[in-house]
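In my numbering, the protein residues as written are 47 to 315. Each residue gets a CB set at the ideal place from its N, CA and C atoms; glycine is no exception. Since the structure is predicted, the reported quantities are computational estimates derived from the model, not experimental observations.
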């Protein structure tokens with residue numbers, strides 16, 4: 047009896063693994079998929095494949111379309127994704143990403159989100175550099191979007207009406223300079239500043255986007271301006287762009303909705 051129970055559990059686990067393989071395959075498919083191509087790609091027998099597809103269709107995870115019959119992901123997958131996204135907050139998602147960035151760069155790393163007034167950003171996570179010379183501002187720190195690398199990284203990708211809330215109150219000369227800075231951020235995919243907020247400090251920041259493709263905040267990295275130069279700065283930029291991209295994708299942003307700089311890690315647009 048014990049052996050039979052163990053065998054039954056093994057069959058159940060294999061069925062779950064195969065069902066997950068089917069869902070993974072359909073999630074990557076660019077068009078509805080037929081049984082023959084799935085059979086070939088997944089290495090499953092046709093009876094097994096039909097049985098699993100029928101079960102998944104009954105649960106709303108897969109649906110069949112057209113004639114001959116082809117398969118796509120079902121609407122239940124969308125419901126599950128929405129449920130997950132509704133519970134997944136950026137600070138929680140950011141932990142592993144920022145930890146990796148911190149280890150790779152050995153500079154202070156932070157996550158900043160747009161403030162409720164849409165004119166400021168708030169630091170919700172910070173990990174100080176392990177180096178002897180370190181700059182830190184701490185979680186809870188608030189600053190205007192108009193200054194600093196993270197502010198500009200956010201502002202550059204906000205919609206025109208939201209940008210106007212920040213730009214319109216500025217003096218004409220300051221407004222023109224900031225507009226030029228924002229254009230450069232959009233071109234590169236990241237923002238940079240030197241001694242704009244803290245004397246002697248340099249900062250790099252890349253935007254983070256949510257499931258709607260809207261900018262939510264920025265991943266920031268900062269340290270002494272004498273250290274963030276040359277090859278080290280280039281490595282920091284590459285790793286920063288990758289971290290911001292990874293966090294955006296984890297938050298549900300479609301890869302094709304990411305701007306060029308944030309999406310491919312090169313800064314090209």
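Taking the alpha carbon of residue i as the reference point, which residue from the options has its own alpha carbon closest?
{"i": "residue 72", "options": "60, 210, 256 and 88", "result": "88"}
{"i": "residue 156", "options": "182, 239 and 299", "result": "182"}
{"i": "residue 138", "options": "257, 296 and 301", "result": "296"}
{"i": "residue 135", "options": "257, 240 and 121", "result": "257"}
{"i": "residue 192", "options": "201, 186 and 184", "result": "201"}
{"i": "residue 265", "options": "225, 213 and 194", "result": "194"}
Applying the criterion that 16 or more other CB atoms from any shown protein chain within 10 Å of the CB defines a buried residue, is residue i buried or exposed?
{"i": "residue 307", "result": "Low confidence applies to residue 307: its pLDDT is 43, below 50, so where it sits in the model is not reliable enough to give any reading."}
{"i": "residue 267", "result": "buried"}
{"i": "residue 283", "result": "buried"}
{"i": "residue 121", "result": "exposed"}
{"i": "residue 113", "result": "exposed"}
{"i": "residue 292", "result": "buried"}
{"i": "residue 300", "result": "exposed"}
{"i": "residue 272", "result": "exposed"}
{"i": "residue 179", "result": "exposed"}
{"i": "residue 108", "result": "buried"}
{"i": "residue 219", "result": "exposed"}
{"i": "residue 222", "result": "exposed"}
{"i": "residue 312", "result": "Residue confidence for residue 312 is low, a pLDDT of 42 falling below 50, so the modelled location carries little weight and cannot support an answer."}
{"i": "residue 86", "result": "exposed"}
{"i": "residue 246", "result": "exposed"}
{"i": "residue 277", "result": "exposed"}
{"i": "residue 205", "result": "exposed"}
{"i": "residue 105", "result": "exposed"}
{"i": "residue 207", "result": "exposed"}
{"i": "residue 92", "result": "exposed"}
{"i": "residue 214", "result": "exposed"}
{"i": "residue 261", "result": "buried"}
On the DSSP bridge list, what partners appear for residue i?
{"i": "residue 259", "result": "DSSP, once it has assigned bridges, lists no residue as partnering residue 259."}
{"i": "residue 267", "result": "155 and 250"}
{"i": "residue 237", "result": "251"}
{"i": "residue 118", "result": "109"}
{"i": "residue 146", "result": "DSSP, once it has assigned bridges, lists no residue as partnering residue 146."}
{"i": "residue 79", "result": "117"}
Could you pull out every residue in the same chain whose Cβ sits closer than 8 Å to the Cβ of residue i, ignoring the five residues on either side in sequence?
{"i": "residue 305", "result": "203, 232, 235, 253 and 315"}
{"i": "residue 211", "result": "164 and 165"}
{"i": "residue 64", "result": "88, 90, 94 and 98"}
{"i": "residue 177", "result": "152, 153, 269 and 273"}
{"i": "residue 111", "result": "78, 117 and 118"}
Given residue i, which residues of its chain have a CB within under 6 Å of its CB, disregarding the five upstream and five downstream residues?
{"i": "residue 127", "result": "none"}
{"i": "residue 174", "result": "154, 180 and 182"}
{"i": "residue 143", "result": "289, 292 and 293"}
{"i": "residue 148", "result": "155 and 173"}
{"i": "residue 238", "result": "195 and 250"}
{"i": "residue 310", "result": "Summary for residue 310: the model assigns pLDDT 45, below 50, so the residue's position carries little reliability, and this model does not support an answer."}
{"i": "residue 286", "result": "250, 252 and 267"}
Within a Cβ cutoff of 7 Å, which residues of the same chain sit near residue i, ignoring the five residues on either side of it in sequence?
{"i": "residue 67", "result": "88"}
{"i": "residue 190", "result": "165, 166 and 197"}
{"i": "residue 171", "result": "137, 140, 144, 156, 157 and 185"}
(request) Would you mind listing the beta strand (DSSP E) stretches within the segment 158-222 that are 3+ residues and don't spill past its ends, in chain order? (result) 166-173 and 188-190
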